[in-house]
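This report concerns only the one structure given below.
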Amino acid sequence: MENLRIISSGVKYEFDTASLTLRADMFQTPVGYAKAHIDKWQKCVAIDTAVLPECRNQGIASSLLETLLEKVFVDGEMDEACQRIGTGIETNRVVLSIGLSNIPSRKIATKMGFKEMEPDSHDSMEYSLTKEDYLNNRKKSQSKSPKTLGD
Ligand SMILES: CC(C)(COP(=O)(O)OP(=O)(O)OC[C@H]1O[C@@H](n2cnc3c(N)ncnc32)[C@H](O)[C@@H]1OP(=O)(O)O)[C@@H](O)C(=O)NCCC(=O)NCCS
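The opening position of the sequence shown corresponds to residue 1417 in the working numbering, with each subsequent residue numbered one higher.
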C-alpha cells in the first residue's frame, strides 16, 4: 500500500510496565495502531490492534502486525524492557486475546501463524505465537518469494 506509513513510538516505560506502539498513517492521517505490551500475568508480550472502521479490509492491521512481530522477534526491541520489568517475562512468545465472534482478527491471527490456545473467557480465545514458529514461517515464506534481478 503506497500511502501507508508505519511509525514506531519506540519502547516506552510506564510505572511497572513497558510497551511498543506502531501507528499506521494513510495520507498523513492516523488510521490504526498495534501495541505490544508486557503481560505480567502471562509472563510474555501481549498484542492489541485496531483500525478505523472506514479503513478496514485493506491490509492495514496485517501490515501493522507483520512489522510489530519483526520488531519483537527479529530486532528484539522488547527484550531489554522484559528484563528490566521482571523476572521470567519471555519475549519468545506473543499472545493475542480475540473475541470468538471477531472473524477478521481470528483470520489475521491464523494467517500470521498464531495457534489457538484455551478460551480465556466465555467469549474470547487466546492465540499464541512462538518466536521459533515465527522464524520458521518467515524462512519458508522467504524461500517461496521470487528472486529479484541482482539476487
Ligand atoms: C481486527 C481489525 C484490527 C482488522 O483490521 P483490518 O485492517 O481490517 O485487517 P486486514 O485488512 O489486515 O485483514 C482483515 C482480514 O479479515 C477478513 N475479513 C474481514 N471481514 C470478514 C468477514 N466478515 N468474514 C471473513 N473474513 C473477513 C479480510 O478479508 C482480511 O483477510 P485477508 O487478509 O485474508 O484478505 C479491525 O477489524 C478492528 O479494528 N476491529 C476492532 C478492534 C479489534 O477487534 N481488535 C483486535 C483485538 S486483538
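Think of the CB as a built atom: it goes at the ideal place given N, C-alpha and C, for glycine as much as any other residue.
beta-carbon residue i near ligand 1 non-hydrogen atom, thresh 7 Å
i	result
Lys1531	no
Ile1519	yes
Ile1514	yes
Tyr1553	The question names Tyr, but residue 1553 is Asn in the sequence shown. Result no, Cβ not under 7 Å from ligand 1.
Ala1462	no
Thr1483	no
Ala1466	yes
Lys1451	no
Asn1419	no
Ile1422	no
Arg1472	yes
Ser1478	yes
Identity of the residue in the options nearest residue i by Cα
i	options	result
Phe1431	His1453, Ala1440, Asp1441 and Ser1424	His1453
Ser1424	Lys1487, Asn1518, Gln1474 and Glu1542	Lys1487
Met1541	Arg1522, Pro1469, Leu1484 and Glu1482	Arg1522
Leu1420	Asp1549, Tyr1429 and Gln1444	Gln1444
Pro1469	Thr1503, Asn1508, Pro1520 and Leu1481	Pro1520
Thr1433	Met1442, Met1494 and Gly1475	Met1494
Cys1471	Pro1446, Glu1532 and Ser1559	Pro1446
Glu1482	Ala1525, Gly1504 and Asn1518	Ala1525
C-alpha distance - residue i paired with residue j, whole-angstrom precision
i	j	result
Ala1477	Gly1448	7 Å
Asp1539	Asn1553	29 Å
Gly1426	Thr1437	7 Å
Ile1463	Leu1512	5 Å
Ala1497	Glu1506	10 Å
Lys1459	Met1417	35 Å
Ile1501	Pro1535	27 Å
Leu1516	Ser1544	15 Å
Thr1546	Arg1509	4 Å
Met1528	Ile1422	18 Å
Val1490	Asp1455	20 Å
DSSP state of residue i mapped onto helix, strand, coil
i	result
Ser1537	coil
Leu1481	helix
Ser1557	helix
Lys1451	strand
Ile1501	helix
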